[in-house]
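2 protein chains.
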Amino acid sequence: MENAVAALRRFNRAYTSFAGLLDARYNGSDMSLAEARALYEIAHGARLASDIQAVLRLDPGYLSRIVRGFQTRGWITRGRGADARQRPIELTPAGRDAFSALDRTTHDRAAGQLAGLADADRQALTAALDSMRALLGGGGVAPYEIRTFRAGDMGMIAARQAILYEPYGWGRPMEALLGEVTAAFVRHFKPGRDQCWIAERAGVMAGSVMLVDAGDGVAKLRLLYVEPWARGLGIGGALVDRCVAFARDAGYARIALWTHTVLASARRIYAAAGFHLTETAIHHDFGRPEQGETWELDLADIAREA
Amino acid sequence: MENAVAALRRFNRAYTSFAGLLDARYNGSDMSLAEARALYEIAHGARLASDIQAVLRLDPGYLSRIVRGFQTRGWITRGRGADARQRPIELTPAGRDAFSALDRTTHDRAAGQLAGLADADRQALTAALDSMRALLGGGGVAPYEIRTFRAGDMGMIAARQAILYEPYGWGRPMEALLGEVTAAFVRHFKPGRDQCWIAERAGVMAGSVMLVDAGDGVAKLRLLYVEPWARGLGIGGALVDRCVAFARDAGYARIALWTHTVLASARRIYAAAGFHLTETAIHHDFGRPEQGETWELDLADIAREA
DNA sequence: TCCAATGGTTGCTTTTGTCAACTATATGAT
DNA sequence: ATCATATAGTTGACAAAAGCAACCATTGGA
Numbered sequence: 001m002e003n004a005v006a007a008l009r010r011f012n013r014a015y016t017s018f019a020g021l022l023d024a025r026y027n028g029s030d031m032s033l034a035e036a037r038a039l040y041e042i043a044h045g046a047r048l049a050s051d052i053q054a055v056l057r058l059d060p061g062y063l064s065r066i067v068r069g070f071q072t073r074g075w076i077t078r079g080r081g082a083d084a085r086q087r088p089i090e091l092t093p094a095g096r097d098a099f100s101a102l103d104r105t106t107h108d109r110a111a112g113q114l115a116g117l118a119d120a121d122r123q124a125l126t127a128a129l130d131s132m133r134a135l136l137g138g139g140g141v142a143p144y145e146i147r148t149f150r151a152g153d154m155g156m157i158a159a160r161q162a163i164l165y166e167p168y169g170w171g172r173p174m175e176a177l178l179g180e181v182t183a184a185f186v187r188h189f190k191p192g193r194d195q196c197w198i199a200e201r202a203g204v205m206a207g208s209v210m211l212v213d214a215g216d217g218v219a220k221l222r223l224l225y226v227e228p229w230a231r232g233l234g235i236g237g238a239l240v241d242r243c244v245a246f247a248r249d250a251g252y253a254r255i256a257l258w259t260h261t262v263l264a265s266a267r268r269i270y271a272a273a274g275f276h277l278t279e280t281a282i283h284h285d286f287g288r289p290e291q292g293e294t295w296e297l298d299l300a301d302i303a304r305e306a
Numbered sequence: 001m002e003n004a005v006a007a008l009r010r011f012n013r014a015y016t017s018f019a020g021l022l023d024a025r026y027n028g029s030d031m032s033l034a035e036a037r038a039l040y041e042i043a044h045g046a047r048l049a050s051d052i053q054a055v056l057r058l059d060p061g062y063l064s065r066i067v068r069g070f071q072t073r074g075w076i077t078r079g080r081g082a083d084a085r086q087r088p089i090e091l092t093p094a095g096r097d098a099f100s101a102l103d104r105t106t107h108d109r110a111a112g113q114l115a116g117l118a119d120a121d122r123q124a125l126t127a128a129l130d131s132m133r134a135l136l137g138g139g140g141v142a143p144y145e146i147r148t149f150r151a152g153d154m155g156m157i158a159a160r161q162a163i164l165y166e167p168y169g170w171g172r173p174m175e176a177l178l179g180e181v182t183a184a185f186v187r188h189f190k191p192g193r194d195q196c197w198i199a200e201r202a203g204v205m206a207g208s209v210m211l212v213d214a215g216d217g218v219a220k221l222r223l224l225y226v227e228p229w230a231r232g233l234g235i236g237g238a239l240v241d242r243c244v245a246f247a248r249d250a251g252y253a254r255i256a257l258w259t260h261t262v263l264a265s266a267r268r269i270y271a272a273a274g275f276h277l278t279e280t281a282i283h284h285d286f287g288r289p290e291q292g293e294t295w296e297l298d299l300a301d302i303a304r305e306a
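Protein chains in written order, with this note's numbering: chain A, 1 to 306; chain B, 1 to 306.
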């Protein structure tokens with residue numbers, strides 16, 4: 001731990017001077033860093049001042065002035081939302097131009113910083129930057145996207161969960177189980193009967209879940225997880241919803257799943273989705289006694305409600 | 001190149017909010033970021049305002065005021081140098097206290113940011129931070145390092161190879177096989193008989209290999225791979241060497257491996273390490289006919305040579 | 001000996017950012 | 001329907017941060 005803290009602090013120091021974050025003016029432009037960041041958010045779809053303010057953590061008053069500055073420069077217009085308190089921001093062509101000029105100088109500056117690197121170094125750095133961003137959290141306005149699985153996802157799912165469950169002391173048996181379950185999924189994948197969904201934030205895996213045919217009209221929900229840095233966005237619930245919708249369309253009678261009592265946040269998600277606990281049992285699969293739980297959701301109930 | 005630029009910019013954005021570099025006050029202290037950085041330099045031996053100014057790239061006038069602020073707070077005293085224009089800075093005990101308080105809050109904040117990470121993630125992050133610092137700072141970085149496996153590596157290995165072999169059209173059967181092989185490795189791992197090595201560059205997996213007991217004094221070398229961007233550094237050969245050394249120490253009589261004719265660079269590595277082709281056979285495991293090869297290395301030969 | 005450069009300071013200014021009060025609208029509980 | 005409370009955004013007043021240019025004292029070299 002101390003090791004990691006020291007490394008992070010060393011990096012912080014080096015990065016502060018590297019990125020020139022102390023320069024008030026952003027690159028050579030006539031914008032401050034705060035203005036540049038706000039314009040970026042607007043150009044990438046942010047419409048409401050409150051959204052920008054939340055993402056960038058700016059003082060609302062300060063942001064209000066920044067936005068008015070954009071308006072007087074003719075970069076944006078402000079409308080009126082369904083909610084009359086809101087003043088939605090629309091980028092004008094001039095605003096688009098201003099952003100693309102800014103974008104280009106930012107790009108050139110980054111390219112300049114990387115110019116001295118050898119090809120292999122640049123690629124290693126790219127990989128390191130992305131994995132670091134994944135570890136520290138995605139960031140950005142778009143909350144998340146959900147897609148179905150593709151090559152390499154199985155391994156990533158197994159890897160992430162092996163790491164996240166490590167602190168529970170479940171060790172190698174858990175890692176082996178993860179490998180077996182994910183391998184079995186692709187080995188026996190039947191389109192229309194099985195599926196796996198991945199939630200991504202800014203291109204980084206933020207969570208996943210899979211649903212497999214367990215026979216007798218039962219679909220089994222497996223390996224639900226959400227990255228710690230992506231929690232609180234409703235990703236877990238959204239993934240479970242996908243499973244439920246898919247299972248209903250596929251004609252399954254019910255969904256069953258196996259989880260552990262210690263995984264409190266997962267339990268909350270299942271309960272919220274309408275699952276109920278049907279069985280509890282202590283097992284020793286992970287090297288030490290652990291309380292496993294079976295939960296079920298009767299799809300006929302759901303259909304009746306809808 | 002564009003790839004790297006995009007990654008750097010993504011990272012910059014994510015990191016700016018992560019590190020809270022926009023906050024005027026440094027952490028919760030009553031210092032600005034510039035003051036905190038100046039105090040850091042002084043506490044680490046900077047004596048002359050001009051030195052600090054050069055390192056931190058601050059306006060000399062601004063720095064002068066910052067330093068006077070420290071002086072009025074009783075944190076420093078200013079002397080007279082051999083060169084009478086200089087006003088060397090000396091830290092007082094009170095100044096040392098102020099710095100260590102600042103140092104502690106910085107430390108605690110960093111520790112807090114890392115608190116949510118699992119052990120394996122923290123290790124990966126530490127390695128990535130240090131090599132990124134080296135790469136961005138223009139310094140060289142060790143071409144690669146080799147370590148034994150830890151939590152999450154099995155999934156990563158399976159994921160990377162599933163993606164790399166996708167162009168060969170081996171598809172899901174290959175991905176399933178990768179999951180099964182890696183899962184079996186951890187499931188049956190016997191210390192001293194089996195091992196898996198990971199090559200890392202910039203804290204990112206650059207290649208790996210595993211060696212497992214196949215019975216009858218035979219060790220099986222499996223899943224050797226090197227990332228495309230890390231090729232030409234000798235990583236493949238180094239990984240195979242680890243296997244050979246380990247197998248000899250463990251008392252294996254020979255090493256066998258199964259590969260494919262299309263994987264030309266892997267074949268070269270095996271040949272260079274002294275393996276020879278013993279068998280070729282067409283199989284249909286990956287959905288279409290593929291020529292598999294068995295290679296072997298007699299460890300008695302190696303011992304005789306050494 | 002004189003002039004350009006260096007280390008550092010000061011006055012003045014603009015920018016940046018913070019805080020609290022305020023308007024207008026929406027929401028939820030009773 | 002009403003009232004308290006929350007939300008979206010704005011404004012005024014202000015403090016801090018940062019930049020700029022002029023300046024002094026000293027040094028070092030031509």
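From the three backbone atoms N, C-alpha and C, an ideal C-beta is built for every residue, glycine too.
If you draw a straight line from the C-alpha of residue i to the C-alpha of residue j, how long is it?
i, j, result
"residue 10/A", "residue 293/A", "45 Å"
"residue 269/B", "residue 288/B", "26 Å"
"residue 193/A", "residue 202/A", "29 Å"
"residue 180/A", "residue 215/A", "19 Å"
"residue 183/A", "residue 58/A", "46 Å"
"residue 286/B", "residue 167/B", "13 Å"
"residue 276/B", "residue 295/B", "5 Å"
"residue 114/B", "residue 79/A", "42 Å"
"residue 100/A", "residue 41/B", "38 Å"
"residue 26/B", "residue 102/B", "9 Å"
"residue 16/B", "residue 44/B", "25 Å"
Could you tell me if residue i is buried or exposed, where buried requires 16 or more neighbouring beta carbons within 10 angstroms of its beta carbon?
i, result
"residue 262/A", "exposed"
"residue 131/B", "buried"
"residue 147/B", "exposed"
"residue 222/B", "buried"
"residue 307/B", "Because residue 307/B is not part of the residues shown, which for chain B are 1 to 306, the question remains open."
"residue 198/B", "buried"
"residue 76/B", "buried"
"residue 83/A", "exposed"
"residue 3/A", "exposed"
"residue 72/B", "exposed"
I think residue i touches residue j, with their Cβ atoms under 8 Å apart; what is that distance to the nearest whole Å?
i, j, result
"residue 257/B", "residue 135/A", "About 34 Å separates the two Cβ atoms, so there is no contact after all."
"residue 178/B", "residue 158/B", "4 Å"
"residue 230/B", "residue 120/A", "7 Å"
"residue 86/A", "residue 48/A", "6 Å"
"residue 224/B", "residue 209/B", "4 Å"
Excluding the 5 residues preceding and the 5 following residue i in the sequence, name in chain order all residues of the same chain whose CB lies nearer than 8 Å to its CB.
i, result
"residue 190/A", "213"
"residue 306/A", "With a pLDDT of 45 at residue 306/A, under the threshold of 50, the predicted position of this residue should be treated as unreliable, though the coordinate-derived value follows. The answer is none, since no qualifying residue turns up."
Does residue i come within less than 8 Å of chain A when only Cβ atoms are used?
i, result
"residue 119/B", "yes"
"residue 209/B", "no"
"residue 130/B", "yes"
"residue 1/B", "yes"
"residue 136/B", "yes"
"residue 107/B", "yes"
Can you give me the Cβ contacts of residue i inside the same chain, cut-off strictly under 6 Å, excluding the 5 residues immediately before and after it?
i, result
"residue 219/B", "211, 247, 252, 255"
"residue 60/B", "53"
"residue 37/A", "56"
"residue 317/A", "Missing from the structure shown is residue 317/A; chain A here goes from 1 to 306 and no further."
"residue 259/A", "266, 293"
"residue 70/A", "76"
Does any CB atom of chain B fall closer than 8 Å to the CB of residue i?
i, result
"residue 69/A", "no"
"residue 79/A", "no"
"residue 144/A", "no"
"residue 156/A", "yes"
"residue 163/A", "yes"
"residue 191/A", "no"
"residue 8/A", "yes"
"residue 61/A", "no"
"residue 127/A", "yes"
"residue 202/A", "yes"
Between residue i and the rest of its own chain, which residues show a CB-CB distance below 7 Å, the 5 nearest in sequence each way excluded?
i, result
"residue 186/B", "154"
The ligand NAD and residue i: does the residue's C-beta get closer than 7 Å to at least one heavy atom of that ligand?
i, result
"residue 61/B", "This structure lacks the ligand NAD; in fact it carries no ligand of any kind."
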